[in-house]
Amino acid sequence: MKLLILDRDGVINQDSDAYIKSLDEWIPIPGAIAAIAQLSKAGWTLAVATNQSGISRGYYDLATLDSMHARLRELVAEQGGELGLIVFCPHGPDEGCDCRKPKPGMLRQIAQHYGVDLHGTWFVGDSRGDLDAALAVDCQPVLVKTGKGERTLTQQLPEGTLVFDDLAAVAAHLLS
601 MKLLILDRDG VINQDSDAYI KSLDEWIPIP GAIAAIAQLS KAGWTLAVAT
651 NQSGISRGYY DLATLDSMHA RLRELVAEQG GELGLIVFCP HGPDEGCDCR
701 KPKPGMLRQI AQHYGVDLHG TWFVGDSRGD LDAALAVDCQ PVLVKTGKGE
751 RTLTQQLPEG TLVFDDLAAV AAHLLS
């Protein structure tokens with residue numbers, strides 16, 4: 601199985617320090633939907649692992665999050681692709697859960713769902729937490745410069761981190 605795991609906010613859609621709280625605020629990054637569809641049509645399975653602490657903070661509810669993910673799936677399907685498992689952590693940073701990145705709980709959940717070993721699987725994110733979660737389960741950390749990516753580039757990156765301009769550039773590399 602060719603599995604690619606993606607963070608959501610800042611990788612697939614625009615991010616906001618004020619949180620993405622509604623379907624209207626959920627705006628795809630140019631080229632991201634097409635990239636997912638192209639990879640899917642080329643035989644890749646794409647999964648999403650996303651921290652969504654806005655739920656525990658009361659900024660939006662599960663129905664709103666579900667509507668964002670339904671819209672994402674719809675946009676990918678319109679381009680002939682399919683998006684696989686979407687897992688999310690609804691907890692805040694102080695709740696001590698095992699799923700909130702940089703902890704690897706969501707990545708383990710994806711591995712269990714697909715019955716795969718994550719060794720070497722690419723995990724594409726825009727934050728240090730994404731990169732650290734990737735390392736915790738032996739995934740290949742991949743940073744995109746969208747979202748918080750440029751800010752993350754100012755920090756020391758884990759050794760071996762791959763860096764791309766955006767998800768479209770990741771897809772072009774994987775499909776070349």
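Residue numbering for the sequence shown is 601 to 776, as defined by my numbering.
Where is the CB? At the ideal position from N, CA and C, for every residue including glycine.
Note that the structure is a prediction, hence the values are computed from the model and not measured.
Quick check: the Cα distance between residue i and residue j, rounded to an integer number of angstroms?
i: G643; j: A634; result: 14 Å
i: L662; j: I655; result: 7 Å
i: F688; j: L731; result: 17 Å
i: L581; j: P741; result: The first residue shown for the chain is 601 and the last is 776, placing residue 581 beyond what the model contains.
i: G725; j: I629; result: 13 Å
i: V707; j: Q755; result: Checking the displayed sequence, the identity of residue 707 turns out to be Leu instead of Val. Each residue's Cα considered, the two are about 23 Å apart.
i: S616; j: H773; result: 27 Å
i: Q614; j: I627; result: 6 Å
Report the CB separation of residue i from residue j in whole angstroms; it is logged as a contact under 8 Å.
i: S727; j: V676; result: Not a contact, Cβ separation roughly 23 Å.
i: V716; j: M601; result: 6 Å
i: P693; j: S653; result: 7 Å
i: L603; j: T721; result: 5 Å
i: P758; j: L735; result: 6 Å
i: A649; j: K701; result: 7 Å
i: V744; j: V611; result: 6 Å
i: L670; j: I710; result: What sits at residue 670 in the sequence shown is Ala, not Leu. That belief does not hold up - the Cβ atoms of A670 and I710 are roughly 19 Å apart, past 8 Å.
Please name the residue, chosen from the options, that lies closest to residue i on a Cα-to-Cα basis.
i: G749; options: A734, C739, D732, D765; result: D765
i: Q679; options: A647, I636, P693; result: I636
i: R608; options: G729, L735, L757, H773; result: G729
i: R657; options: G696, L757, H691; result: H691
i: A618; options: G747, A768, T761, V770; result: G747
i: T761; options: F723, L665, W626; result: F723
Are the C-beta of residue i and some C-beta of chain C separated by less than 8 Å?
i: A647; result: Considering every chain present, this structure includes no chain C. It has just one protein chain.
Could you name the residues of the same chain whose beta carbon sits closer than 6 Å to that of residue i, not counting the 5 residues immediately before and after it, in chain order?
i: Y660; result: K621, G654
i: Q638; result: A771
Ignore the nearest five residues each way along the sequence and tell me which others in residue i's own chain have a CB closer than 7 Å to its CB.
i: H719; result: D738
i: E682; result: S640, V676
i: D698; result: G705
Less than 8 Å between C-beta atoms, sequence neighbours within five positions excluded: which residues of the same chain meet that for residue i?
i: T645; result: M601, K602, L603, L604, G684, Y714
For this session: Scan the region 656 to 691 and note each continuous alpha helix (DSSP H) run of 4 residues or more that stays entirely inside, going in chain order.
Result: 662 to 678
For this session: List in chain order: all unbroken beta strand (DSSP E) runs of 3+ residues lying wholly within the region 601 to 627.
Result: 602 to 606
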